[in-house]
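S.K.: What follows is a structure written as structure tokens; I'll ask about it next.
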Amino acid sequence: MKNASNLFVVAEVVDGHPVGLCHEMLGLARALADRSGGTVHAGVLGSGLGGAGEDLIAHGADTVRVIDAPIFAQYQADAWLPDLHAMIGQVRPDAVMIGHTPLGADLAPRLAFRLGTNVATGCNHVRVEGGKLLLTRPCYGGKAEEVVSMLSSPALFTVKPKCFQPCPKQDNRGGELVRMDSILDPASVRTKVREVRRDASDGARLESARIVVAGGGGMKGVRGFELAGRLADALGGAVGASRVACDLGWCPPSRQVGLSGKTVAPELYIAIGISGAAQHVAGCANAKTIVAINTDPDAPIFRYSKYGIVGDCHQLMPALIDKIEALRK
Amino acid sequence: MKIVVCVKAIPDPEIAASIFRVDEAAKRMVPLPGTRSVMSPFDEQALELALRIRDALGEGSITLLTLGAETTRSIVKHGLSLGADDALMLVDPVFDDGDSYTTARALAAAIQRMGGVDLILTGRQAADGDCGVVGCGIAELLGLPAVTFAMDIVVTDGMLVIERALGEGSEIIEAPMPAVVTVSHEVGKVRYASLRETMKAARKPVTAWSAEQLGLDASELGTRGARRVLERLYVPVNDVQCEYMVGETPEELAGNLVERLHAARLI
Ligand SMILES: Cc1cc2nc3c(=O)[nH]c(=O)nc-3n(C[C@H](O)[C@H](O)[C@H](O)COP(=O)(O)OP(=O)(O)OC[C@H]3O[C@@H](n4cnc5c(N)ncnc54)[C@H](O)[C@@H]3O)c2cc1C
Ligand SMILES: Cc1cc2nc3c(=O)[nH]c(=O)nc-3n(C[C@H](O)[C@H](O)[C@H](O)COP(=O)(O)OP(=O)(O)OC[C@H]3O[C@@H](n4cnc5c(N)ncnc54)[C@H](O)[C@@H]3O)c2cc1C
Numbered sequence: 023m024k025n026a027s028n029l030f031v032v033a034e035v036v037d038g039h040p041v042g043l044c045h046e047m048l049g050l051a052r053a054l055a056d057r058s059g060g061t062v063h064a065g066v067l068g069s070g071l072g073g074a075g076e077d078l079i080a081h082g083a084d085t086v087r088v089i090d091a092p093i094f095a096q097y098q099a100d101a102w103l104p105d106l107h108a109m110i111g112q113v114r115p116d117a118v119m120i121g122h123t124p125l126g127a128d129l130a131p132r133l134a135f136r137l138g139t140n141v142a143t144g145c146n147h148v149r150v151e152g153g154k155l156l157l158t159r160p161c162y163g164g165k166a167e168e169v170v171s172m173l174s175s176p177a178l179f180t181v182k183p184k185c186f187q188p189c190p191k192q193d194n195r196g197g198e199l200v201r202m203d204s205i206l207d208p209a210s211v212r213t214k215v216r217e218v219r220r221d222a223s224d225g226a227r228l229e230s231a232r233i234v235v236a237g238g239g240g241m242k243g244v245r246g247f248e249l250a251g252r253l254a255d256a257l258g259g260a261v262g263a264s265r266v267a268c269d270l271g272w273c274p275p276s277r278q279v280g281l282s283g284k285t286v287a288p289e290l291y292i293a294i295g296i297s298g299a300a301q302h303v304a305g306c307a308n309a310k311t312i313v314a315i316n317t318d319p320d321a322p323i324f325r326y327s328k329y330g331i332v333g334d335c336h337q338l339m340p341a342l343i344d345k346i347e348a349l350r351k
Numbered sequence: 695m696k697i698v699v700c701v702k703a704i705p706d707p708e709i710a711a712s713i714f715r716v717d718e719a720a721k722r723m724v725p726l727p728g729t730r731s732v733m734s735p736f737d738e739q740a741l742e743l744a745l746r747i748r749d750a751l752g753e754g755s756i757t758l759l760t761l762g763a764e765t766t767r768s769i770v771k772h773g774l775s776l777g778a779d780d781a782l783m784l785v786d787p788v789f790d791d792g793d794s795y796t797t798a799r800a801l802a803a804a805i806q807r808m809g810g811v812d813l814i815l816t817g818r819q820a821a822d823g824d825c826g827v828v829g830c831g832i833a834e835l836l837g838l839p840a841v842t843f844a845m846d847i848v849v850t851d852g853m854l855v856i857e858r859a860l861g862e863g864s865e866i867i868e869a870p871m872p873a874v875v876t877v878s879h880e881v882g883k884v885r886y887a888s889l890r891e892t893m894k895a896a897r898k899p900v901t902a903w904s905a906e907q908l909g910l911d912a913s914e915l916g917t918r919g920a921r922r923v924l925e926r927l928y929v930p931v932n933d934v935q936c937e938y939m940v941g942e943t944p945e946e947l948a949g950n951l952v953e954r955l956h957a958a959r960l961i
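Same order as they appear, the protein sequences are chains W and L. Sequential numbering of the first sequence, starting at 23, is according to the numbering used here. Sequential numbering of the second sequence, starting at 695, is according to the numbering used here.
Rendered as structure tokens:
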């Protein structure tokens with residue numbers, strides 16, 4: 023791949039609205055295309071898409087291909103692949119980007135292999151240097167980063183959330199909206215979604231919260247998380263957790279922050295009783311300020327933290343709640 | 695029912711960041727003295743699901759499939775002592791320094807050559823590269839359906855019923871066989887090797903195939919077949935300085951922190 027002038031963004035839509043990561047990807051695509059005088063294409067499949075296409079244009083897409091059909095009500099790779107493959111055949115992009123979400127992580131490798139190319143997953147930095155598209159991604163559980171390039175075209179990559187700035191929304195931005203018919207043969211969809219089980223806890227708020235109070239093994243149990251919940255309430259924030267805490271059932275899995283959980287980038291991340299393993303930090307390293315509370319002064323989490331308290335969180339959490347409530351008065 | 699579990703040997707993913715080093719010139723991780731390769735944890739969870747399926751059905755065979763150097767033998771032994779029936783190792787210098795594409799290519803060719811496979815399990819991602827590509831790649835190359843991030847699999851009436859972990863819960867997916875399923879840690883606790891299985895493991899068949907035996911040309915494999923070029927590998931710098939709060943009591947420590955956060959307009 024020589025340049026990155028024509029980009030294709032696969033947009034993910036929830037309840038008729040492109041997810042925030044789409045806007046982050048468009049911000050990145052816009053920056054890459056503007057430097058080379060290229061074009062930003064987007065493709066979106068769904069059912070009941072409403073103004074999703076217009077929204078993508080307002081956030082930086084030049085052309086948007088939209089297929090709105092009931093068969094796309096629920097994501098399945100088998101259903102998504104033929105139409106996306108066809109769209110990419112029409113656009114002939116230099117690079118294709120997809121959000122690194124459960125949908126994107128499922129779709130991107132399939133699409134890459136169908137196109138005879140490879141994919142770099144979970145990229146947190148992308149640039150063009152000497153005509154080469156350089157994709158940076160964490161590896162070894164976040165302990166290292168690698169920069170890779172692709173010999174085959176188009177280069178596919180998935181984009182880690184909270185790493186790129188979205189373009190500001192411009193409602194009068196010009197762009198071409200192409201409504202298309204699906205070429206999918208429904209009989210080729212081999213999998214079937216039988217049921218969707220939504221987690222009762224409001225884990226989605228975690229990703230947009232300005233303040234996250236996260237608990238780990240040091241919470242010692244559900245009681246610890248009750249205190250963490252009260253602290254989060256006092257701060258107007260959301261509760262997150264390490265994998266250890268989720269695996270032990272102290273907290274629902276939708277709260278897990280990290281490599282195999284969610285990526286958050288709040289203004290303030292308070293890690294309580296969390297050791298700071300690389301795989302955990304992978305999900306919170308982009309927080310503006312990290313605060314650590316831990317009994318072990320050598321816990322790795324302090325190396326990522328601006329402020330730290332060495333001490334027992336079960337004594338510190340009630341004290342913090344008191345001080346914050348006093349501040350509010 | 696014939697199940698193949700793809701397992702990758704990797705450096706222990708839980709070693710502390712403070713002792714983790716890379717050789718930037720060679721673009722490789724520096725192995726820690728005295729440490730051994732382990733089975734990538736998600737692959738161990740994939741094997742656990744395979745064992746649960748076999749337990750539930752009361753029949754079936756489980757084959758471990760791994761591509762790697764001779765050092766991967768230790769993880770094969772581990773898998774056999776957990777209860778897998780046999781193992782196939784792809785060992786050949788031409789596989790070296792490949793990418794997710796060439797790896798999927800070789801594994802897919804091996805699965806095809808084995809024949810009669812009903813279910814192919816992989817980890818959601820290998821815990822060294824963290825790519826999460828090979829499983830879906832195998833599915834595409836073999837023209838099979840794929841379901842990712844499985845936390846549970848039940849086989850009923852020749853169909854797979856898979857619970858797939860999502861960010862906000864899970865979904866239940868039905869898939870025909872043969873299929874590829876990638877497995878996530880929500881599977882929960884994996885079993886330990888029993889003495890009985892460990893004793894049996896030494897006698898279980900372990901086969902090794904070369905690229906030629908797979909019917910693949912060297913130009914499609916390893917460095918020559920790779921689509922990905924590794925430009926750089928490094929440990930990112932982290933220059934945060936931590937200010938530790940001082941205080942005699944929890945109240946004093948908490949008060950100092952709240953003061954700092956308030957002054958910084960964070961709360
Ligand atoms: C492939 C892979 C993927 C992974 N993905 C993730 C992921 O997405 N998210 C994730 O979090 N982990 C993940 N992990 C696990 C990760 O490596 C760590 O094991 C995990 O993050 C540890 O959680 P923890 O720090 O809460 O628990 P522990 O390691 O048990 O640490 C508990 C901490 O609490 C402190 N403590 C104990 N008592 C108190 C007290 N009274 N007051 C204050 N502090 C106290 C201890 O000093 C210690 O630092 C992954 C691992 C692998 C191999
Ligand atoms: C730090 C690091 C970074 C890398 N980055 C990239 C990259 O960005 N792009 C790229 O194309 N290659 C990359 N590679 C090369 C790649 O790891 C190897 O080619 C490897 O064999 C494929 O593994 P994966 O990490 O891509 O696997 P993943 O796609 O993450 O693995 C998913 C699953 O596939 C199965 N599997 C993977 N490898 C094997 C194997 N050798 N034997 C048996 N089963 C296996 C396992 O079940 C595993 O859980 C990287 C390697 C390292 C060590």
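By construction, the Cβ of each residue, glycine as well, lies at the ideal position given by its N, Cα and C atoms.
Establish whether the CB of M109/W and some CB of chain L are separated by less than 8 Å.
M.R.: For the purposes of this step, residue 109/W is taken as the residue at position 87 of the first sequence. False, the Cβ-Cβ gap to chain L never drops below 8 Å.
S.K.: Three or more beta-carbon pairs under 8 Å between the segment 126 to 135 of chain W and the segment 341 to 348 of chain W, yes or no?
M.R.: No, because fewer than three Cβ pairs between the segment 126 to 135 of chain W and the segment 341 to 348 of chain W fall closer than 8 Å, the two stretches do not touch.
S.K.: Please identify the residue among A80/W, M119/W and A142/W whose C-alpha is closest to the C-alpha of E925/L.
M.R.: Here residue 925/L corresponds to residue number 231 of the second sequence, with the count starting at 1. The shortest C-alpha separation from E925/L is found at A142/W.
S.K.: Name the residues in the segment 116 to 128 of chain W whose C-beta lies less than 8 Å from a C-beta of chain L; which are they?
M.R.: Residues T123, P124, A127 and D128.
S.K.: Quick one: what's got a C-beta closer than 7 Å to A902/L's C-beta in the same chain, skipping five residues either side?
M.R.: As a first step, residue 902/L is located in the second sequence; it is residue number 208 there, counting from the start. Answer for A902/L: M783 and V785, listed in chain order.
S.K.: Return yes when the Cβ of G238/W is within less than 8 Å of the Cβ of I296/W, no when it is not.
M.R.: Counting from 1 along the first sequence, the entry for residue 296/W is found at position 274. Counting from 1 along the first sequence, the entry for residue 238/W is found at position 216. Taking 8 Å as the Cβ cut-off, I296/W and G238/W qualify as a contacting pair.
S.K.: Would you grab the beta carbon distance between G251/W and V266/W for me? Rounded to a whole angstrom, and I think it's under 8 Å.
M.R.: The residue you call residue 251/W lines up with position 229 of the first sequence. The residue you call residue 266/W lines up with position 244 of the first sequence. Between V266/W and G251/W the Cβ distance is about 18 Å, and since that is not below 8 Å, they are no contact.
S.K.: For S171/W, write down the residues that DSSP places opposite it in a beta bridge.
M.R.: One-based indexing of the first sequence puts residue 171/W at position 149. Per DSSP, V923/L.
S.K.: Buried or exposed for N194/W, going by 16 or more other Cβ atoms inside 10 Å?
M.R.: Mapped onto the first sequence, residue 194/W falls at position 172. Exposed, by the Cβ-count rule.
S.K.: Quick one: residues in its chain with C-beta nearer than 6 Å to the C-beta of P735/L, no 5 flanking neighbours on either side, listed in chain order?
M.R.: In the second sequence, counting from the first residue as 1, residue 735/L sits at position 41. Result list for P735/L: A821, in chain order.
S.K.: Please find out if some non-hydrogen atom of ligand 1 comes closer than 7 Å to the beta-carbon of E742/L.
M.R.: Here residue 742/L refers to the residue found at position 48 when the second sequence is read from its first residue. Every heavy atom of ligand 1 is 7 Å or more from the Cβ of E742/L, so no.
S.K.: Taking 8 Å as the cut-off, does the segment 228 to 244 of chain W touch the segment 279 to 297 of chain W (at least 3 CB pairs, one atom from each stretch)?
M.R.: Yes, they touch.
S.K.: Note down, in chain order, each residue of its chain lying with its Cβ closer than 6 Å to the Cβ of K696/L, except the 5 sequence neighbours on either side.
M.R.: Translated into the one-based positions of the second sequence, residue 696/L becomes position 2. So the qualifying residues of the chain are S755, G810, V811 and D812.
S.K.: If you reduce the DSSP assignment to three classes, tell me which class A263/W lands in.
M.R.: On the first sequence, residue 263/W is found 241 positions in, with the first residue counted as 1. Note: A263/W maps to strand in three-state DSSP.
S.K.: Can you find a C-beta in chain L that's less than 8 Å from the C-beta of A231/W?
M.R.: For the purposes of this step, residue 231/W is taken as residue 209 along the first sequence, with counting starting at 1. Chain L, which has no Cβ nearer than 8 Å to the Cβ of A231/W, makes this no.
S.K.: Any heavy atom of ligand 2 closer than 7 Å to the beta-carbon of T760/L?
M.R.: As a working mapping, residue 760/L is identified with position 66 in the second sequence. Answer for T760/L: yes, Cβ within range of ligand 2.
S.K.: Any chance the segment 181 to 189 of chain W sits against the segment 49 to 58 of chain W, with 3 or more Cβ pairs inside 8 Å?
M.R.: Yes, they touch.
S.K.: Between which residues of its own chain and A740/L is the CB-CB distance below 7 Å, once the five residues before and five after are set aside?
M.R.: For the purposes of this step, residue 740/L is identified with residue 46 of the second sequence, where counting begins at 1. Hits under 7 Å: V699, L815, T816, G817 and V877.
S.K.: Check this for me: beta carbons of H956/L and L349/W, under 8 Å apart or not?
M.R.: On the second sequence, residue 956/L is found 262 positions in, with the first residue counted as 1. On the first sequence, residue 349/W is found 327 positions in, with the first residue counted as 1. Yes; because the gap between Cβ atoms is below 8 Å, this pair is in contact.
S.K.: How many angstroms separate the CA atom of V934/L from the CA atom of T180/W?
M.R.: Walking along the second sequence from the start, residue 934/L turns up at place 240. Walking along the first sequence from the start, residue 180/W turns up at place 158. Going by the C-alpha atoms only, they are around 28 Å apart.
S.K.: If you measure between the beta carbons of D128/W and A95/W, is that distance less than 8 Å?
M.R.: Your numbering for residue 128/W matches position 106 in the first sequence. Your numbering for residue 95/W matches position 73 in the first sequence. No, the pair does not count as a contact, with Cβ atoms beyond the cut-off.
S.K.: Buried or exposed: which applies to I346/W, given that a residue is buried once 16 or more other Cβ atoms fall within 10 Å of its Cβ?
M.R.: On the first sequence, position 324 is the one that residue 346/W refers to. When all chains shown are included, I346/W counts as buried.
S.K.: For chain W, is any of its Cβ atoms less than 8 Å away from the one on T816/L?
M.R.: To locate residue 816/L, count along the second sequence from 1; it is residue 122. False, the Cβ-Cβ gap to chain W never drops below 8 Å.
S.K.: Count the other CB atoms within 10 Å of the CB of M723/L; is the residue buried (16 or more) or exposed (fewer)?
M.R.: Position 29 of the second sequence, counting from 1, holds the residue named residue 723/L. When all chains shown are included, M723/L counts as buried.
S.K.: Sorry if obvious, but does the Cβ on P124/W come closer than 7 Å to a heavy atom of ligand 1?
M.R.: On the first sequence, position 102 is the one that residue 124/W refers to. False, no ligand heavy atom lies under 7 Å from that Cβ.
S.K.: Is the distance from the Cβ of R799/L to the Cβ of L835/L below 8 Å?
M.R.: For the purposes of this step, residue 799/L is taken as residue 105 along the second sequence, with counting starting at 1. For the purposes of this step, residue 835/L is taken as residue 141 along the second sequence, with counting starting at 1. Closer than 8 Å, so yes.
S.K.: Using a Cβ-Cβ cutoff of 7 Å, what residues of the segment 197 to 225 of chain W are near chain L? List them in chain order.
M.R.: Against chain L - using a Cβ distance shorter than 7 Å - the residues of the segment 197 to 225 of chain W are R212, T213, K214, V215, R216, E217, V218, R219, R220, D221 and G225.
S.K.: Against chain L, with Cβ distances strictly below 8 Å, would L173/W count as a contact?
M.R.: Reading the first sequence from its first residue, position 151 is the one you call residue 173/W. At least one chain L Cβ lies under 8 Å of L173/W.
S.K.: Can you pull the chain L residues whose beta carbon is under 8 Å from the beta carbon of I346/W, in chain order?
M.R.: Against the first sequence, residue 346/W aligns to sequence position 324. Within chain L, the residues near I346/W are V952 and I961.
S.K.: What's the gap between the Cα of L173/W and the Cα of T796/L?
M.R.: Translated into the one-based positions of the first sequence, residue 173/W becomes position 151. Translated into the one-based positions of the second sequence, residue 796/L becomes position 102. Looking at the two C-alpha atoms, the distance is approximately 13 Å.
S.K.: Comparing alpha-carbon positions, which option in D77/W, G59/W and A231/W lies nearest V36/W?
M.R.: The count along the first sequence starts at 1 and reaches residue 36/W at position 14. Of the listed residues, the one whose Cα sits closest to V36/W is D77/W.
S.K.: Around the C-beta of I331/W, are 16 or more other C-beta atoms found within 10 angstroms, so that it is buried, or is it exposed?
M.R.: Looking up residue 331/W in the first sequence gives position 309. So I331/W counts as buried.
S.K.: Closer than 8 Å is the cut-off here; do at least three beta carbon pairs connect the segment 898 to 918 of chain L with the segment 862 to 871 of chain L?
M.R.: Taking 8 Å as the limit for Cβ pairs, the verdict is that the segment 862 to 871 of chain L does not touch the segment 898 to 918 of chain L.
S.K.: Please tell me whether D116/W and S171/W are closer than 8 Å, where the distance is taken between their beta carbons.
M.R.: Position 94 of the first sequence, counting from 1, holds the residue named residue 116/W. Position 149 of the first sequence, counting from 1, holds the residue named residue 171/W. No, the pair does not count as a contact, with Cβ atoms beyond the cut-off.
S.K.: Under a Cβ-count criterion, where at least 16 other Cβ atoms within 10 Å of its own Cβ denotes burial, should Q112/W be classed as buried or exposed?
M.R.: Your numbering for residue 112/W matches position 90 in the first sequence. Exposed, since its Cβ has fewer than 16 Cβ neighbours within 10 Å.
S.K.: Less than 8 Å between the C-beta atoms of L155/W and L947/L, yes or no?
M.R.: Locating residue 155/W in the first sequence gives position 133, counting from the first residue. Locating residue 947/L in the second sequence gives position 253, counting from the first residue. For L155/W and L947/L, no; Cβs fall outside 8 Å.
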